[in-house]
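Asker: Questions regarding the structure given below will be posed in turn.
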Amino acid sequence: MERDASVFLLGEDIGTYGGAFKVTAGMWEKFGNDRVIDAPISESAIVGAAVGAALMGMRPVAEMQFMDFVSCGLDQIVNMAAKIHYRWGAAVPIVVRGPSGAGVHGGPFHSQSNEMWFVHTPGLKVVAPATAYDAKGLIKASIRDNNPVIFYEHKYLYRRIKDEVPDEDFIVPLGKAAVRREGNDIAVITYGAMVWVALEAAELLASDGISLEVVDLRTLLPYDEQCVLSSARKCSKVILLHEDTRVGGLAGELAAVIAEKAFADLDGPIVRVTAPDTPVPFSPPLEEYFLPNVQKIADAARQLAVY
Amino acid sequence: MAQARPTKSRKKTLSPDAKTLERMLYYLKLTREAETRIEQVLYRQGKIVGGVYVGRGQEAIGVGSAIQLLDGDVVLPSHRDFSSFLIRGFSLREIFCNWMARSNGPSRGRDNTLHIGDMGRNVIPIISHLGDTCPVACGVGMVLKWRQQGNVALVHFGEGTTSRGDVHEGMNMAAVMKLPVVFICNNNAYAYSTPTDKQYAVKDLAARGAAYGMPGVKVDGNDVLAVYSTVEKAIRRARSGGGPSFIECKTFRMTGHSAHDAAEYVPEKLFAQWKKKDPIARLEKIVLGNKILSRKQIDQLDEEVRKQVDDAVAYAEASPYPKSSDAREGVYCEDDCWWRSTPPVNE
Chain X
730 MERDASVFLL GEDIGTYGGA FKVTAGMWEK FGNDRVIDAP ISESAIVGAA
780 VGAALMGMRP VAEMQFMDFV SCGLDQIVNM AAKIHYRWGA AVPIVVRGPS
830 GAGVHGGPFH SQSNEMWFVH TPGLKVVAPA TAYDAKGLIK ASIRDNNPVI
880 FYEHKYLYRR IKDEVPDEDF IVPLGKAAVR REGNDIAVIT YGAMVWVALE
930 AAELLASDGI SLEVVDLRTL LPYDEQCVLS SARKCSKVIL LHEDTRVGGL
980 AGELAAVIAE KAFADLDGPI VRVTAPDTPV PFSPPLEEYF LPNVQKIADA
1030 ARQLAVY
Chain A
622 MAQARPTKSR KKTLSPDAKT LERMLYYLKL TREAETRIEQ VLYRQGKIVG
672 GVYVGRGQEA IGVGSAIQLL DGDVVLPSHR DFSSFLIRGF SLREIFCNWM
722 ARSNGPSRGR DNTLHIGDMG RNVIPIISHL GDTCPVACGV GMVLKWRQQG
772 NVALVHFGEG TTSRGDVHEG MNMAAVMKLP VVFICNNNAY AYSTPTDKQY
822 AVKDLAARGA AYGMPGVKVD GNDVLAVYST VEKAIRRARS GGGPSFIECK
872 TFRMTGHSAH DAAEYVPEKL FAQWKKKDPI ARLEKIVLGN KILSRKQIDQ
922 LDEEVRKQVD DAVAYAEASP YPKSSDAREG VYCEDDCWWR STPPVNE
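Chains X and A, in that order, are what the protein sequence lines are.
Sequential numbering from 730 applies to the first sequence in this note's numbering.
Sequential numbering from 622 applies to the second sequence in this note's numbering.
Right, here's the structure in full:
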C-alpha cells in the first residue's frame, strides 16, 4: 500500500477493529478511512464494489471475514469478476482474501475449504499459502496480478507458523509450486495447512524407511502441472492430500492429469487422503475424524509403499 | 478525465436547450429504428444470433439521462438502454456487429446483445444476473469520490431487478458511503411475464429511497424532459457531494421480454394506452411546437436514421465471424494479452 496508491482494503470490521483475525491491524491508523474501508455486511456489494473500483484503475483487496461467507459474494466473483476480461477485455485486478479451513472448532460455517468453487471458474486465480514467507510473497504477487485472485489464508496457521519474513519487497510468483521436502518413494501433493501435516508424516515415515516428497502447490489455479508431474514421475507413487472434501476436490483433477500424462511412470494406484463428503462438524471428536491427519497419511503411505 | 463544469444557466423558456432537444430526438429515433430493425427484421431473418431484448417504448430513460453526462462520468446501462451506448460513443456498426456475433463487435463474439463494455468510453455493461451492476457502480462511485472531480455514475435496472439482493446491498452501501451514484429504475410493468403486483408490495418503488436514506423520486419515464430534469437534479446532488439518489421511471415495455415472447399475458388495452404516451411522438410535438425543427426536417431526420441503420446492418453482414480457436484466448489478462496483441479482424 505504501508502494502503490491504487491499493486499498475493503471489508467488514477491518478498520478500527483490525479484522476478526487482526490481519489488517494497524492499517487503518496508517492509511486512513479512504484506504481501509469498513463496509456493511454485504459480501456481494464488497466484491462488486471491488470490481467497479478495479475497472476504474484501482487494485482493491476485499476481505471476507471468513471464507465461508464468500458464498454471499459468489455471483460477483464467478459471473462478474471472472468473465469481464474474456467478455470485453478489461482488467479486473482484485484480490478476495480471507481465513479458511478447519481445526479451530468453528463449526459448519466458519471452517470450510471452498476453494474448488473458484478453481472450477475460468478467469480466476486461486492461491493458498502455507508459510509466512509465502503469505507475504503471494499476497503481493496477487495484488499486482491483473486478474481476480481468490486468496485462502488457512486460519489454523495464523498463530502457529513462524518463519523468517524479509522486510524488503519480494514476490512469490503465482502458478509455481514448491517442493518442501525431497523424497524418493511417494510424492505427497498438497497445499495450505496440510503441507505441515504432510511434513510431519514424512518425518514419522522416515524412521520406517519410507521417503516422502512433499509438494506445496501454493497456487491452485492455474496449478503447476510441471511440478506435479515431475514429482509423480520421480517417486512413481502419489498421495494427493487436502482438507477439502473428497468428491470434486482438487485431488480428482490432479489424479486425472497424472493418469493422463505420467501413467507409464506409476508403480501403484493414485491415492487420495481428504476429508469425507460431509459438512465440517463442530465437536472436537467429530472434527478430528473429519480432518486428514498424520496417522491417516502414514496409513495410506504404508499401504502404497507395498506396491 | 474531464472536470465537471457547473451547469450553465439556460433560457427559462426551454430546458434543456434547443440543441439538446434536437440531439435527444435524434437518439430516440436512432434507438427506435435500430432496435426495430434488430427485433422485427434481422431476428426474423435468422441474422441475429441469440436472444433479442429491446427497450421499445422506454427509450426516453436512457436518452434523457445519458445525454447530460460529462466525459468522466460512468454509465452502467441495462439491456434496455441501447441509447446509452450510442450516446457514450459506441457506433451503430460496432453494436450491430456484436448483435450478429461478428469478430469486430466490441465483445469479439464472446458475449451477446448489449453486453458490451469499454472503460475508454466509461461504459460498464450488465451481466445476465440482474442487479450485479449496482454494487459495481458503488466501486466506481468510490473512485469518482476520491478523485474529487465531481463525476457521477448512473446505473440502470428494471423493476424486476429491484427484487434482487444486489440492488439492496448496492443502494445501502452507496447511501452509507455517500457515493455519487444515481440509481435509475425503468419500471416497465413486466419482468418477463411477471406483473408488478407479484414483484413488490409498495405502491411506488420510489418509496424505497427513503428506506436507504436517499431521495426517491418517481417520474413519467415516457417524458424525456421529465426524465432529463429529474436525473439532472440527482446528478447535481451527486456531483456536489450530496450522495446517491433513486429514480423510478414509470414506463411500459411495448414488446415481449425478448423477441421470442409474444407477450400474450399483457392485456391488449395496456399496449393501446401506452402507445398514446409514446416518448418519441411527445418530443416531436415539443420540437415542432417550439419551431426547433420543421416537419420536413423531422422527415429528413427519419431518413437519415434509416440510412445509418442500413449502413450498420450492411457493415455487420459483411464482417467476418471470429476464428474458432480464438475461443481459448483472453481468459486471463497478462502482459502480452490477446485483447491487446491481436487486433480484431477487419478493424
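Using N, Cα and C, we set each Cβ at its ideal position, and we do this for glycine too.
1) Are the beta-carbon atoms belonging to Ile745(A) and Val695(A) less than 9 Å from one another?
2) Write down the C-beta distance between Met809(X) and Gly777(X) rounded to the nearest angstrom, noting that I regard them as a contact closer than 8 Å.
3) For Arg631(A), which residues of its own chain have a beta-carbon under 8 Å away from its beta-carbon, when the five flanking residues on both sides are left out?
4) I want to see whether chain A comes within less than 9 Å of Leu713(X), judged by CB atoms only; does it?
5) Grab the span of the alpha helix (DSSP H) containing Tyr647(A) for me, first residue to last.
6) Just confirm the distance between the C-beta atoms of Val926(A) and Lys650(A), as a whole number of angstroms; I'd bet it's less than 8 Å.
7) Report the residues of the region 701-734 of chain A with a CB closer than 7 Å to any CB of chain X, ordered along the chain.
8) Determine whether the beta carbon atoms of Val1002(X) and Ile1026(X) lie at a separation below 9 Å.
9) Helix, strand or coil for Tyr936(A), going by three-state DSSP, please let me know.
10) Out of curiosity, what's the CA-to-CA distance linking Ala893(A) and Thr753(X)?
11) Taking DSSP as the reference, what is the three-state secondary structure of Asp739(A)?
12) When you compare only the Cα positions, how much space is there between Met622(A) and Ile856(A)?
13) Smallest Cα separation from Pro837(X): which of Asp973(X), Lys990(X) and Val1000(X)?
14) Does the beta-carbon distance from Cys870(A) to Gly910(A) come in below 9 Å?
15) Kindly say whether Trp895(A), judged by its beta-carbon, lies nearer than 9 Å to any beta-carbon of chain X.
16) Does DSSP put Leu784(X) in a helix, a strand or coil?
17) Compare the C-beta of Ser773(X) with all C-beta atoms of chain A and state if any pair is closer than 9 Å.
18) Using a Cβ-Cβ cut-off of 9 Å, state whether Tyr953(A) counts as contacting chain X.
19) For the beta strand (DSSP E) holding Lys871(A), just list the boundary residues, first then last.
20) With a threshold of 9 Å between beta carbons, is Ile745(A) in contact with chain X?
21) Would you tell me roughly how many angstroms separate the C-alpha atoms of Glu968(A) and Lys668(A), rounded to the nearest one?
22) Going straight from the alpha carbon of Gln666(A) to that of Asp947(A), what length do you get?
23) Starting from the C-beta of Arg785(A), find all residues in its chain whose C-beta is less than 7 Å away, skip the five residues before and the five after it, and write them out in chain order.
24) Taking only three categories from DSSP, how would you classify Met622(A)?
25) Residues in its own chain within less than 6 Å of Gly744(X) by CB, not counting five upstream and five downstream?
26) Any beta-carbon of chain A closer than 9 Å to the one on Gly740(X)?
27) Closest to Tyr647(A) by C-alpha separation, out of Val908(A), Tyr942(A), Val934(A) and Gly762(A), would be which residue?
28) Against chain X, does Thr783(A) count as a neighbour if the rule is that its beta carbon must be under 9 Å from one of theirs?
29) Would you kindly check if the distance between the Cβ of Ala864(X) and the Cβ of Lys891(X) is under 9 Å?
30) Any idea which residues DSSP pairs Thr776(A) with across the strands?
31) Is Ser630(A) helix, strand or coil when you go by DSSP?
32) Buried or exposed: Arg816(X), going by 16 or more other Cβ atoms within 10 Å of its Cβ?
33) Check the Cβ-Cβ distances between Pro756(A) and every residue of chain X, and say whether any is below 9 Å.
34) Alpha helix (DSSP H) containing Lys944(A): first to last residue?
35) Looking at chain B, is there any beta carbon in it that lies within less than 9 Å of the beta carbon of Ile805(A)?
36) Counting beta carbon pairs with one atom in the region 929-948 of chain A and one in the region 714-730 of chain A, are three or more of them shorter than 8 Å?
Answerer: By the coordinates alone:
1) Working through the second sequence from its first residue, we reach residue 745(A) at position 124. Working through the second sequence from its first residue, we reach residue 695(A) at position 74. For Ile745(A) and Val695(A), yes; Cβs fall inside 9 Å.
2) Position 80 of the first sequence, counted from the first residue, corresponds to residue 809(X). Position 48 of the first sequence, counted from the first residue, corresponds to residue 777(X). About 7 Å separates the two Cβ atoms, so the contact holds.
3) To locate residue 631(A), count along the second sequence from 1; it is residue 10. Any answer about Arg631(A) is weak, because its pLDDT of 45 lies below 50 and its placement is not dependable; what the coordinates show is given next. These residues qualify, in order along the chain: Pro637 and Asp638.
4) Outside the modelled stretch of chain X, which goes from 730 to 1036, sits residue 713(X), for which no answer is possible.
5) For the purposes of this step, residue 647(A) is taken as the residue at position 26 of the second sequence. Its alpha helix (DSSP H) spans residues Ala639 to Thr657.
6) If you number the second sequence from 1, residue 926(A) lands on position 305. If you number the second sequence from 1, residue 650(A) lands on position 29. Val926(A) to Lys650(A), Cβ: 5 Å. Contact.
7) Listed by position, the residues of the region 701-734 of chain A near chain X (Cβ gap below 7 Å) are Pro727, Ser728, Arg731 and Asp732.
8) Translated into the one-based positions of the first sequence, residue 1002(X) becomes position 273. Translated into the one-based positions of the first sequence, residue 1026(X) becomes position 297. Result yes, Cβ atoms of Val1002(X) and Ile1026(X) sit closer than 9 Å.
9) Counting from one through the second sequence, the residue named residue 936(A) turns up at place 315. Assigned with DSSP and collapsed to three states, Tyr936(A) falls in helix.
10) Residue numbering aside, residue 893(A) sits at position 272 when the second sequence is read from its first letter. Residue numbering aside, residue 753(X) sits at position 24 when the first sequence is read from its first letter. Roughly 60 Å between the two C-alpha positions.
11) For this step, residue 739(A) is matched to residue 118 along the second sequence. Correct three-state label for Asp739(A): strand.
12) In the second sequence, counting from the first residue as 1, residue 622(A) sits at position 1. In the second sequence, counting from the first residue as 1, residue 856(A) sits at position 235. In this predicted model, Met622(A) has a pLDDT of only 41, less than 50, meaning its place in the structure is not dependable enough to derive any value.
13) To locate residue 837(X), count along the first sequence from 1; it is residue 108. When each option's Cα is compared against that of Pro837(X), the closest is Asp973(X).
14) For the purposes of this step, residue 870(A) is identified with residue 249 of the second sequence, where counting begins at 1. For the purposes of this step, residue 910(A) is identified with residue 289 of the second sequence, where counting begins at 1. Going by C-beta atoms, Cys870(A) is not nearer than 9 Å to Gly910(A).
15) By 1-based counting over the second sequence, the position of residue 895(A) is 274. By this cut-off, Trp895(A) is not an interface position.
16) Reading the first sequence from its first residue, position 55 is the one you call residue 784(X). Here Leu784(X) sits in helix by DSSP.
17) As a first step, residue 773(X) is located in the first sequence; it is residue number 44 there, counting from the start. With 9 Å as the cut-off, Ser773(X) counts as an interface residue toward chain A.
18) What you label residue 953(A) is simply residue 332 of the second sequence in a count that begins at 1. Yes, because at least one Cβ of chain X sits closer than 9 Å to the Cβ of Tyr953(A).
19) What you label residue 871(A) is simply residue 250 of the second sequence in a count that begins at 1. Looking at the DSSP string, the run of the beta strand (DSSP E) that includes Lys871(A) is Ser866 to Lys871.
20) Residue mapping note: residue 745(A) aligns to position 124 of the second sequence, counting from 1. It does: the Cβ of Ile745(A) has a partner Cβ on chain X nearer than 9 Å.
21) For the purposes of this step, residue 968(A) is taken as the residue at position 347 of the second sequence. For the purposes of this step, residue 668(A) is taken as the residue at position 47 of the second sequence. Confidence is the limiting factor: at Glu968(A) the pLDDT is only 47, short of 50, which leaves the residue's position unreliable, though a coordinate-based value still follows. For Glu968(A) and Lys668(A), the distance between alpha carbons rounds to 21 Å.
22) Position 45 of the second sequence holds residue 666(A). Position 326 of the second sequence holds residue 947(A). When rounded, the distance between both Cα atoms is 27 Å.
23) For this step, residue 785(A) is matched to residue 164 along the second sequence. Leu751 and Gly752.
24) Translated into positions along the second sequence, residue 622(A) becomes position 1. Its pLDDT being 41, under 50, Met622(A) is placed unreliably by the model, and the measurement read from it follows with that caveat. Collapsing the DSSP output to three states places Met622(A) in coil.
25) As a working mapping, residue 744(X) is identified with position 15 in the first sequence. Only residues of its own chain outside the window of five on either side were considered, and among them Trp757, Val765 and Asp767 have a CB closer than 6 Å to the CB of Gly744(X), listed in chain order.
26) Stepping through the first sequence from its first residue, residue 740(X) is reached at position 11. By this cut-off, Gly740(X) is not an interface position.
27) Counting from one through the second sequence, the residue named residue 647(A) turns up at place 26. Scanning Val908(A), Tyr942(A), Val934(A) and Gly762(A) for the CA closest to the CA of Tyr647(A) turns up Val908(A).
28) As a working note, residue 783(A) is residue 162 in the second sequence. It does not; no Cβ of chain X falls within 9 Å.
29) Locating residue 891(X) in the first sequence gives position 162, counting from the first residue. Locating residue 864(X) in the first sequence gives position 135, counting from the first residue. Judged by their CB atoms, Lys891(X) and Ala864(X) are not nearer to each other than the 9 Å cut-off.
30) Here residue 776(A) refers to the residue found at position 155 of the second sequence. In the sequence under discussion, the amino acid at residue 776(A) is Val, which differs from the Thr named in the question. Answer is Leu697(A) and Phe804(A), bridged to Val776(A).
31) If you number the second sequence from 1, residue 630(A) lands on position 9. For Ser630(A), the predicted model reports a pLDDT of 49, less than 50, meaning its position is unreliable; a value from the coordinates is still stated below. Three-state result, Ser630(A): coil.
32) Position 87 of the first sequence holds residue 816(X). By the 10 Å Cβ count, Arg816(X) comes out buried.
33) One-based indexing of the second sequence puts residue 756(A) at position 135. Interface residue, yes.
34) For the purposes of this step, residue 944(A) is taken as residue 323 along the second sequence, with counting starting at 1. Per DSSP, Lys944(A) lies in no alpha helix (DSSP H) and is assigned neither H nor E.
35) Absent from the structure is chain B; the protein chains it does hold are X and A.
36) yes
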